Amino acid sequence: EDQVTQSPEALRLQEGESSSLNCSYTVSGLRGLFWYRQDPGKGPEFLFTLYSAGEEKEKERLKATLTKKESFLHITAPKPEDSATYLCAVLASGGSYIPTFGRGTSLIVHP
Amino acid sequence: GAVVSQHPSWVICKSGTSVKIECRSLDFQATTMFWYRQFPKQSLMLMATSNEGSKATYEQGVEKDKFLINHASLTLSTLTVTSAHPEDSSFYICSARKRGENSNQPQHFGDGTRLSIL
Numbered sequence: 003e004d005q006v007t008q009s010p011e012a013l014r015l016q017e018g019e020s021s022s023l024n025c026s027y028t029v030s031g032l033r034g035l036f037w038y039r040q041d042p043g044k045g046p047e048f049l050f051t052l053y054s055a056g057e058e059k060e061k062e063r064l065k066a067t068l069t070k071k072e073s074f075l076h077i078t079a080p081k082p083e084d085s086a087t088y089l090c091a092v093l094a095s096g097g098s099y100i101p102t103f104g105r106g107t108s109l110i111v112h113p
Numbered sequence: 817g818a819v820v821s822q823h824p825s826w827v828i829c830k831s832g833t834s835v836k837i838e839c840r841s842l843d844f845q846a847t848t849m850f851w852y853r854q855f856p857k858q859s860l861m862l863m864a865t866s867n868e869g870s871k872a873t874y875e876q877g878v879e880k881d882k883f884l885i886n887h888a889s890l891t892l893s894t895l896t897v898t899s900a901h902p903e904d905s906s907f908y909i910c911s912a913r914k915r916g917e918n919s920n921q922p923q924h925f926g927d928g929t930r931l932s933i934l
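Going down the list, the sequences are from chains D and W.
Using the working numbering, read the first sequence as starting at 3 and increasing by one per residue.
Using the working numbering, read the second sequence as starting at 817 and increasing by one per residue.
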């Protein structure tokens, strides 16, 4: 069974304090890993897709990396507007072609 | 492009009533739409997948007679929660796959519907 585990469950940072969010996965074969941002009361907003180990994607203060077992979402010098829940979803090969979501990491950045 | 609109964004109703939620792709044709349910601090749980013009495929444990899904056109899918009860209160989110995109590409999500059953 495909499993996606995100850690930590919640993270509080001071503005400017860089950190990383983790997404560990267990799948038979990886077709793709997605990162989304979800604001309270809203649907997920797409951030990145990673397809193979070693791949990196960057957007403003966010950088996503991928290994064969996990992905990290690095946040550099975060701002209060980066506060949100960050969701990771994994698409496995040979499966239903529908990604499995983790529970997310709730990030709060204090000014 | 790739905007998905859900309506209503929030609904409160009495136990026993039926509630319909609409999911529309505004600027693209959606060959497949997905319905998720999300409880507080939980992950998105897929309820069903619907393809235009065919019956929805429900995930294990989801009652198809309670959660009626219709995907009558390439831009509209509806979820009807029949005889809703307080335990059906949740955040319902739809997503869509654009015609021409494959499963390796991210889905396009709506903004969700908060359903509260009294």
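We put the beta carbon where it would ideally sit given N, CA and C, even for glycine.
Note that this is a predicted model, so its numbers are computed, not measured.
Given a threshold of 16 other Cβ atoms within 10 Å of its Cβ, counted over all protein chains shown, does residue i qualify as buried or as exposed?
| i | result |
| --- | --- |
| F855 (chain W) | exposed |
| G45 (chain D) | buried |
| L842 (chain W) | exposed |
| A900 (chain W) | buried |
| S54 (chain D) | exposed |
| R853 (chain W) | buried |
| G34 (chain D) | buried |
| G877 (chain W) | exposed |
Determine whether the beta carbon atoms of residue i and residue j lie at a separation below 8 Å.
| i | j | result |
| --- | --- | --- |
| S30 (chain D) | G104 (chain D) | no |
| L32 (chain D) | A94 (chain D) | yes |
| G106 (chain D) | Q8 (chain D) | yes |
| V827 (chain W) | V835 (chain W) | yes |
| F74 (chain D) | S21 (chain D) | no |
| Y908 (chain W) | L931 (chain W) | yes |
| P101 (chain D) | F36 (chain D) | yes |
| S825 (chain W) | T929 (chain W) | yes |
Can you give the Cα-Cα distance for residue i and residue j, rounded to whole angstroms?
| i | j | result |
| --- | --- | --- |
| K871 (chain W) | S98 (chain D) | 17 Å |
| E868 (chain W) | I933 (chain W) | 29 Å |
| L890 (chain W) | H76 (chain D) | 37 Å |
| G916 (chain W) | E875 (chain W) | 24 Å |
| E903 (chain W) | T865 (chain W) | 22 Å |
| F850 (chain W) | T873 (chain W) | 10 Å |
| E57 (chain D) | T67 (chain D) | 6 Å |
| P113 (chain D) | P42 (chain D) | 19 Å |
| N918 (chain W) | A846 (chain W) | 12 Å |
| E838 (chain W) | S906 (chain W) | 16 Å |
| F50 (chain D) | K70 (chain D) | 17 Å |
| I110 (chain D) | T78 (chain D) | 14 Å |
| E3 (chain D) | T28 (chain D) | 8 Å |
| E62 (chain D) | T848 (chain W) | 31 Å |
| T898 (chain W) | G18 (chain D) | 48 Å |
Return the residue from the list the options that minimises the CA-CA distance to residue i.
| i | options | result |
| --- | --- | --- |
| Y38 (chain D) | W:R930, W:S932, W:G926 and W:I933 | W:G926 |
| S859 (chain W) | D:C25, D:E83 and D:E19 | D:C25 |
| Y88 (chain D) | D:G18, D:F48 and D:E58 | D:F48 |
| R840 (chain W) | W:E879, W:K914 and W:M863 | W:K914 |
| D881 (chain W) | W:H887, W:T896, W:A912 and W:Q923 | W:T896 |
Please indicate yes or no: does the CB of residue i lie closer than 7 Å to some heavy atom of the ligand FAD?
| i | result |
| --- | --- |
| L860 (chain W) | Looking at this structure, you won't find the ligand FAD or any other ligand, since it has none at all. |
Consider the Cβ of residue i: report whether some Cβ of chain A lies at a distance smaller than 8 Å.
| i | result |
| --- | --- |
| F844 (chain W) | Absence of chain A from the displayed structure is noted, the protein chains being D and W. |
Can you pull out the residues from the region 75-88 of chain D whose beta carbon lies closer than 7 Å to at least one beta carbon of chain W? none
Residues, ordered as in the chain, of the region 887-904 of chain W that lie near chain D by beta-carbon distance below 8 Å: none
Contact list for the region 867-884 of chain W against chain D, Cβ threshold 7 Å: none
Can you pull out the residues from the region 907-923 of chain W whose beta carbon lies closer than 9 Å to at least one beta carbon of chain D? F907, I909, C910, S911, N918, S919, N920, Q921, P922 and Q923
Interfacial residues, the region 60-73 of chain D to chain W, with Cβ spacing under 8 Å: Within the region 60-73 of chain D, no residue qualifies.
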